[in-house]
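Chains as they are written, first to last, in this note's numbering: chain P, 9 to 286; chain F, 446 to 587.
Quick reminder that beta carbons are idealized off the backbone N, C-alpha and C, glycines included.
Just so you know, these numbers come straight off a predicted model, no measurement behind them.
Reading through the structure tokens given below for one structure.
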Amino acid sequence: MSYFLRALLVACICFPLAAVAGDLSSDVRKGASGPDSGNGGYLEVGGGLKVFTSPLYGEPEGNAQGEIHTEAFIDISARYQYNGFFVEMFSQSLEQFTAGYNFYNGSNWAIDMIGLSAHEEKDGETNKDYRGLDRRRFDVLLGPRGTAYLGNYIVQVHALKDIVSTHEGEVYSVKLARHWQHRNLNFHAIVGATYRTQDVIDYYYSIDAAEASEKFPEFSASGGMSYIFEIGATYPISESWVFRGFIRHTQIDSALTKSPLIVDDHGEMLATAISYVF
Amino acid sequence: MDSCAVCQRPSPKLLLFSTWVHLLVLVFCAQAAADVPIAQLQSKPNRCVALHQGQVCYQEVILYWHADRTGEYCLYQQQAQEPLHCWQAQASGEYRYAFASDTPVQMQLVSMNDKTRLAEAQIDIAWVYKANTRRKTHWRLF
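Structure representation (structure tokens):
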């Protein structure tokens with residue numbers, strides 16, 4: 009079955025009824041109960057601190073299993089939409105930057121065609137950890153995104169395919185988010201599963217015979233799943249300032265840990281930020 | 446020319462000042478005649494901030510009141526039948542109130558001698574994210 013037939017099938021199964029949706033991570037923090045269908049946008053800018061462990065070799069440079077990293081970051085949450093076309097970014101999101109077009113929407117659900125980059129470049133020139141390896145380019149994925157708002161729950165699915173011939177693989181994901189209020193604190197939780205086809209994982213995490221070395225032994229990867237679990241809280245400090253914090257656990261397929269480019273089968277992140285809402 | 450200062454016509458400013466003084470005296474006399482205390486009611490803070498529109502907002506507020514004489518006073522939430530708190534033979538007081546509402550609430554200080562509403566204070570609600578869950582601004586990128 010071709011990619012687009014599968015994408016259409018996923019969209020139809022998940023959204024049999026018929027709104028312009030947004031990034032799930034951003035929406036659930038705002039306590040969204042429906043899609044945003046008008047022209048306009050919003051902008052939030054702030055600063056934050058994150059403490060994390062990474063399962064990926066070289067991300068960040070010099071990363072080792074279980075090593076704890078601390079980084080300051082600029083917290084940006086922004087979205088602009090005009091006649092269905094939109095761009096959105098949220099530094100605490102699972103997708104970060106997305107551009108797209110809303111082509112079908114109902115009262116509490118929407119289907120968009122989106123484009124985003126899900127995998128960063130791995131290049132020995134910019135990261136010495138990758139020296140001796142072939143360059144792995146970043147990808148650009150395109151495909152439908154369906155979002156449904158069901159009371160305090162938000163469900164979002166992606167069916168994306170690489171369109172710049174980086175790896176020509178596909179990425180499918182489903183995420184379920186819930187938000188609830190305790191006094192003026194707004195809590196959220198997200199669980200999600202992502203399937204990457206062999207083309208994607210093979211491109212980024214396999215070591216072929218030509219580039220294999222003592223440091224990077226040959227490894228061949230197959231398609232695999234990864235999972236995320238996240239809980240967090242958002243608090244309105246004032247009408248223009250919000251505090252956000254979350255803890256995220258990422259679990260990757262244990263078979264992948266045999267790749268020299270994977271150092272662990274899980275990673276955690278704790279982040280807090282204060283942002284100004286324009 | 447006669448330079449009698451007393452005979453000079455009063456200036457417009459003096460006339461205006463005189464009128465104000467008379468009005469104040471009249472108001473004072475009327476108030477005294479009605480024997481209604483003068484009171485003030487204040488809420489600190491007077492605004493509650495919730496994340497998005499429609500949410501119930503929670504805020505601990507302290508309501509301060511002060512009257513110009515001792516008496517029996519009660520604090521009411523607007524349209525409530527029962528008072529939140531009453532004071533006997535007091536000229537001032539404070540009340541810690543657990544505000545929880547999705548709409549602004551008006552508080553009232555009532556003199557129990559004649560059931561007169563003496564003072565009001567409103568607790569407003571503000572949201573970070575306005576209607577439709579997302580803040581719409583008017584800036585344009587293109």
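Under 7 Å from the C-beta of residue i: neighbouring residues of chain P
i                 : result
His497 of chain F : Lys38, Gly39
Tyr542 of chain F : None at all; the shortest Cβ gap to chain P is about 15 Å.
Tyr503 of chain F : Arg191, Asn192
Residue span of the alpha helix (DSSP H) that contains residue i, given as start and end
i                 : result
Ser1 of chain P   : The structure shown does not extend to residue 1 of chain P, since chain P is modelled only from 9 to 286, so the question has no answer here.
Arg37 of chain P  : 32 to 38
Gln206 of chain P : 206 to 213
Contacting residues, own chain, Cβ-Cβ under 7 Å from residue i (five flanking each side not counted)
i                 : result
Pro528 of chain F : Cys519, Leu520, Tyr521
Gly253 of chain P : Gly240, Ala241, Ala279, Thr280
Ala571 of chain F : Arg492, Val494
Tyr88 of chain P  : Gly49, Phe94, Val95
Pro589 of chain F : Examination of residue 589 of chain F is not possible in this model, given that chain F is present from 446 through 587 alone.
Glu103 of chain P : Asp31, Leu124
Val172 of chain P : Asp147, Val148
Leu486 of chain F : Leu508, Trp510, Met552, Leu554, Ala564, Glu565, Ala566
Thr578 of chain F : In this predicted model, Thr578 of chain F has a pLDDT of only 42, less than 50, meaning its place in the structure is not dependable; the value taken from the coordinates is given anyway. The answer, listed in chain order, is His497.
Ser101 of chain P : Asp31, Ser33, Ser34
Ala543 of chain F : Glu505
His190 of chain P : none
Gly54 of chain P  : Asp83, Ala281, Ile282, Ser283, Tyr284
heavy atom of the ligand NAD below 6 Å from residue i C-beta
i                 : result
Arg252 of chain P : As far as ligands go, the structure on display features none, and thus does not contain the ligand NAD.
Neighbouring residues, chain F, relative to residue i (Cβ below 9 Å)
i                 : result
Glu247 of chain P : Arg492, Val494, Ala571, Trp572, Val573
Asn91 of chain P  : Ordered by position in chain F, no residue passes the 9 Å Cβ test against Asn91 of chain P, which lies about 11 Å from the chain.
Close Cβ partners of residue i (< 6 Å) along its chain, the five nearest in sequence each way excluded
i                 : result
Val293 of chain P : Missing from the structure shown is residue 293 of chain P; chain P here goes from 9 to 286 and no further.
Phe286 of chain P : Leu51
Glu219 of chain P : Leu141, Asp142
Glu79 of chain P  : Lys58
Phe338 of chain P : The structure shown has nothing for residue 338 of chain P, since chain P only spans 9 to 286.
Thr174 of chain P : Arg145, Asp147
Where residue i meets chain F, residues with beta-carbon distance less than 7 Å
i                 : result
Gln189 of chain P : Gln500
Val250 of chain P : Val573
First through last residue of the beta strand (DSSP E) which encompasses residue i
i                 : result
Lys183 of chain P : 178 to 190
His530 of chain F : 530 to 546
Gln567 of chain F : 561 to 574
Gly108 of chain P : 105 to 113
Thr78 of chain P  : 77 to 90
Thr155 of chain P : 149 to 158
Arg492 of chain F : 492 to 497
Gln485 of chain F : 484 to 489
Ser556 of chain F : 550 to 556
Gly296 of chain P : Limits of chain P in this structure are 9 at one end and 286 at the other, which puts residue 296 of chain P out of reach.
Lys266 of chain P : Element bounds for Lys266 of chain P: n/a, residue is neither H nor E.
Phe93 of chain P  : 93 to 98
Lys223 of chain P : Here Lys223 of chain P belongs to no beta strand (DSSP E), and DSSP marks it neither H nor E.
Gly337 of chain P : Outside the displayed span of chain P (9 to 286) sits residue 337 of chain P, for which this structure offers no information.
Ile122 of chain P : 117 to 124
Ala514 of chain F : The residue you asked about is not Ala; residue 514 of chain F is Arg in the sequence shown. Run containing Arg514 of chain F: 502 to 522, per the beta strand (DSSP E) assignment.
His166 of chain P : 161 to 170
Glu276 of chain P : 274 to 285
Beta-carbon contacts of residue i that lie in its chain and below 8 Å, excluding the five residues immediately before and after
i                 : result
Gly74 of chain P  : Thr61, Asp272
Glu128 of chain P : Glu67, Phe146
Trp532 of chain F : Glu517, Tyr518, Cys519, Gly538
Pro457 of chain F : none
Gly232 of chain P : Tyr203, Arg204, Ile209, Ile260, Asp261, Ala263, Leu264
Residue-level contact to chain A via CB, residue i, 7 Å cutoff
i                 : result
Tyr211 of chain P : The chain labelled as chain A is not found among the protein chains of the depicted structure, namely P and F.
Self-check item: Chain-ordered residues of the stretch 107 to 123 of chain P with a beta carbon less than 8 Å from chain F
Solution: Answer set for the stretch 107 to 123 of chain P: empty.
Quiz item: Touch check for the stretch 265 to 277 of chain P and the stretch 221 to 235 of chain P: three-plus C-beta pairs under 8 Å?
Solution: Cβ pair count under 8 Å is three or more, so yes.
Self-check item: At least three beta-carbon pairs within less than 8 Å, the stretch 495 to 509 of chain F to the stretch 531 to 546 of chain F
Solution: Yes, the stretch 495 to 509 of chain F touches the stretch 531 to 546 of chain F.
Quiz item: What are the residues of the stretch 221 to 245 of chain P that lie near chain F, defined by any Cβ-Cβ distance shorter than 9 Å?
Solution: Taking 9 Å as the Cβ-Cβ cut-off against chain F, the residues of the stretch 221 to 245 of chain P that qualify are Thr242, Tyr243, Pro244, Ile245.
Quiz item: Does the stretch 157 to 164 of chain P touch the stretch 210 to 225 of chain P, meaning 3 or more C-beta pairs lie closer than 8 Å?
Solution: With the cut-off at 8 Å, the stretch 210 to 225 of chain P and the stretch 157 to 164 of chain P do not touch.
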